[in-house]
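Novice:
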Amino acid sequence: MPKLLDTYNRHISYLRISVTDRCNLRCIYCMPKEGLSPIGHDDILRYEEILRVARSAAQKGISKIRVTGGEPLVRRGIIDFIGELNRIPGIADLSITTNGVLLEACAEPLYRAGMRRINISLDTLNPEKYKKITRGGDINSVLVGISKARQAGFAPIKINVVAMRNVNDDEAVEFARLTLDRPVHIRFIEFMPVAGQTLWEEAQFISSEELQERIRAIGTLIPLDADQKAGPAKMFQLEGAQGKLGFITALSNHFCATCNRLRLTADGKLRACLFSDDETDVKPLLRGSCSDDELSRVIDQVIRSKPQRHDIHEATFKKCSRTMSAIGG
Ligand code: SAM
Ligand code: SF4
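Residues in the sequence shown are numbered consecutively from 240, following the working numbering.
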C-alpha cells in the first residue's frame, strides 16, 4: 500500500468521518444550550457519497477510519453503513466515538458490523453533574451502554473525559482509580477552544500535567511506549493497574508533529487540521460527475495543504468557527 505523506513528511493514515452534526445531548463544552441549526437534509452527505470518499482515501493509503459526529448513533442506517466501511479493502482499523446513550441497543449490532474499537464520552461519574454537563442526559443510559459494549466484545473500552477546572477536575483521581481493577482506558482531553460551547475561557482550562500531578497522589504513573492506536494520547499506567490512562494535550503540548489525520465533515468538507477553518468542499464534486482521479487529486491537495502546526497560542488565532459537533472532534 502506498504511503500518503504530507508536505512535512507526516504519514497520513487516518480519516475521521463525521456522519451527522445532530446530537441527542447538548454538552456545555461542545454546543450552545439551544442547540445549533442543523445542516439541511440535502446538505448532509449521503452514505454512498461518504463511502466513495472513504474508498478513494483507502486506495491512497488511509488504513484507519473513525466514525464520529454529532452523535453518530442517531443517524438512521448507521449500522449498515459501518458494515460497508468494514468491507473497504485496506481499512484495517475501524473505530467509533459515541456519547454512549444509544449503546444499549447498538453495541451488539455495531460489533457484528465489524466495529472493534469504541470510545465513549463520559465526563463525570456523578448523575447530577452528568445532567448538568450534558444539559439533560441520563448517566444510567451510558453506564448500561458501556456494560453492553463490554458484553458485545469491545475491549478495551476507552472513556473520553474532557477535563474542565471547577467542573469535573475534582474527579480526575476517581476516574484514574477505575483503571486499577478494570482493563478500561481513561483518556483525559484538554478542553479546546472551538465554537459552539458557551464555556471556554482560560479559567476553565486545566492542563494534563496538572491532572497527572493529582493522580500521582494514588500511585506511580508509568509512561508507556507510544501506541499507534492511542492516537495523540500520551499513555501511562498506574503501577499494578489493569487499565491505562491517556492524556490528550491538544493545547499544552503540540501534538501536530505526529498528526496523521484528515477529516470529513457531515456536509462534505475535507479538513486537514482540527483547528484551522480551511476546508475543501467535496460535495459538488461528488454530486457532479467527477471521476475517481479527480476525487483522488482533491484528497492529495487537501493533504498538501495540511499546516505544520496549529496556531492556538499565536495572537492571530481565532476560535474555530465550526463546533466540535460539526467537525467531529
Ligand atoms: N457525540 C460523540 C461523543 O460525544 O463522543 C462524538 C462526537 S464529539 C464532538 C467527539 C469528542 O469531542 C468527544 O470525546 C467530546 O468529548 C470531544 N469534545 C467536544 N468538544 C470539545 C472541546 N471543546 N474540547 C475538547 N474535547 C471536546
Ligand atoms: Fe453531542 Fe458529543 Fe457534542 Fe456532547 S460532545 S454535544 S455528545 S456531539
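Just so it is clear, CB atoms sit at the ideal spot from N, CA and C, and this is done for glycine as well.
In whole angstroms, give me the CA-to-CA distance for residue 401 and residue 442.
Specialist: Looking at the two C-alpha atoms, the distance is approximately 15 Å.
Novice: Roughly how many whole angstroms lie between the Cα atoms of residue 479 and residue 414?
Specialist: Their backbone Cα atoms lie some 16 Å apart in a straight line.
Novice: Tell me the residue span of the beta strand (DSSP E) that contains residue 296.
Specialist: Residue 296 -> not in any beta strand (DSSP E); alpha helix (DSSP H) instead, spanning 286-299.
Novice: Should residue 495 be listed as close to the ligand SAM, given that the test is whether its C-beta is under 7 Å from any heavy atom?
Specialist: Incorrect: residue 495 has no Cβ contact closer than 7 Å to the ligand SAM.
Novice: When DSSP labels each residue in this structure, what does residue 462 get in the three-state scheme?
Specialist: In the structure shown, residue 462 sits in a strand (DSSP, three-state: E or B).
Novice: Can you check DSSP and say which residues form a bridge with residue 327?
Specialist: DSSP output for residue 327 lists no bridge partner at all.
Novice: Figure out for me which residue from 355, 354, 547, 304 has the closest Cα to the Cα of residue 253.
Specialist: When only C-alpha atoms are compared, the closest one is 304.
Novice: Measuring only from the beta carbon, is residue 310 closer than 7 Å to any heavy atom that is part of the ligand SF4?
Specialist: Because some heavy atom of the ligand SF4 lies under 7 Å away, the Cβ of residue 310 counts as near it: yes.
Novice: Which whole-angstrom value is the C-beta distance of residue 366 and residue 337, which I expect to be below 8 Å?
Specialist: That pair is no contact at about 19 Å.
Novice: Residue 253 bridges to which residues according to DSSP?
Specialist: 303, 500, per the DSSP bridge assignment.
Novice: Can you find the residues in the same chain that come closer than 7 Å, C-beta to C-beta, to residue 242, ignoring five residues on each side of it along the sequence?
Specialist: Around residue 242: 250, 300.
Novice: Using only the alpha-carbon positions, how far apart do residue 393 and residue 355 sit?
Specialist: Those two C-alpha atoms are separated by around 6 Å.
Novice: Across which residues does DSSP place residue 509 in a beta bridge pair?
Specialist: Its beta-bridge partners are 503, 519.
Novice: Take residue 472 as the anchor and find which of 432, 286, 273, 499 has the nearest alpha-carbon.
Specialist: Comparing Cα-Cα distances from residue 472 to each of 432, 286, 273, 499, the minimum goes to 499.
Novice: Can you tell me which residues form a DSSP beta bridge with residue 424?
Specialist: In DSSP, residue 424 forms a bridge with 397, 483.
Novice: What is the DSSP secondary structure of residue 371, counted as helix, strand or coil?
Specialist: If DSSP states are grouped into helix, strand and coil, residue 371 belongs with the helices.
Novice: So does residue 269 have its beta carbon nearer than 7 Å to some heavy atom of the ligand GDP?
Specialist: Ligands present in the displayed structure are limited to the ligand SAM and the ligand SF4, and the ligand GDP is not among them.
Novice: Check residue 472 in the structure and name its three-state DSSP category.
Specialist: Correct three-state label for residue 472: coil.
Novice: Would you call the region 358-372 and the region 324-342 touching, i.e. three or more CB-CB distances under 8 Å?
Specialist: With a cut-off of 8 Å, the region 324-342 and the region 358-372 count as touching, because enough Cβ pairs lie within range.
Novice: Let me check one thing: in DSSP terms, what residues is residue 402 bridge-paired to?
Specialist: Beta-bridge pairing links residue 402 to 429.
Novice: Measure the C-alpha to C-alpha separation of residue 525 and residue 281 and round it to an integer number of angstroms.
Specialist: Cα-Cα distance, rounded: 13 Å.
Novice: Going by the DSSP bridge assignment, what does residue 358 pair with across the sheet?
Specialist: Bridge partners of residue 358: 336, 397.
Novice: Identify, in the order they occur along the chain, each residue of the same chain with its Cβ nearer than 7 Å to the Cβ of residue 322, setting aside the five sequence neighbours on each side.
Specialist: The residues are 352, 353.
Novice: Quick check on residue 502: buried or exposed, where buried means 16 or more other Cβ atoms within 10 Å of its Cβ?
Specialist: Flag for residue 502 reads buried.
Novice: Can you list, in chain order, the residues of its chain with a C-beta nearer than 7 Å to that of residue 456? Leave out the 5 residues immediately preceding and following it.
Specialist: If we look at residue 456 and ignore the five residues flanking it on each side, its Cβ neighbours are 412.
Novice: Is it right to say residue 295 is buried, meaning 16 or more other beta carbons lie within 10 angstroms of its own, or is it exposed?
Specialist: Residue 295 is buried by the Cβ-count criterion.
Novice: In angstroms, rounded to a whole number, what distance separates the CA positions of residue 416 and residue 271?
Specialist: About 32 Å.
Novice: Give the secondary structure of residue 525 by DSSP, where H, G and I count as helix, E and B as strand, and everything else as coil.
Specialist: Reduced to three states, the DSSP call for residue 525 is helix.
Novice: Mark residue 268 as exposed unless 16 or more other C-beta atoms lie within 10 angstroms of its C-beta, in which case mark it buried.
Specialist: The residue is buried, with at least 16 neighbouring Cβ atoms inside 10 Å.
Novice: Quick one: give me the first and last residue of the alpha helix (DSSP H) that residue 533 is part of.
Specialist: Residue 533 -> alpha helix (DSSP H) spans 531-543.
Novice: Assuming residue 485 and residue 424 are in contact, meaning their beta carbons sit under 8 Å apart, how far apart are those beta carbons, in whole angstroms?
Specialist: That pair is a contact at about 6 Å.
Novice: Apart from the five residues on each side of it in sequence, which residues of its chain come closer than 6 Å, Cβ to Cβ, to residue 541?
Specialist: Hits under 6 Å: 509, 511, 519.
Novice: Using the beta-carbon count (16 or more within 10 Å), is residue 248 buried or exposed?
Specialist: It is exposed - the Cβ of residue 248 has fewer than 16 other Cβ atoms within 10 Å.
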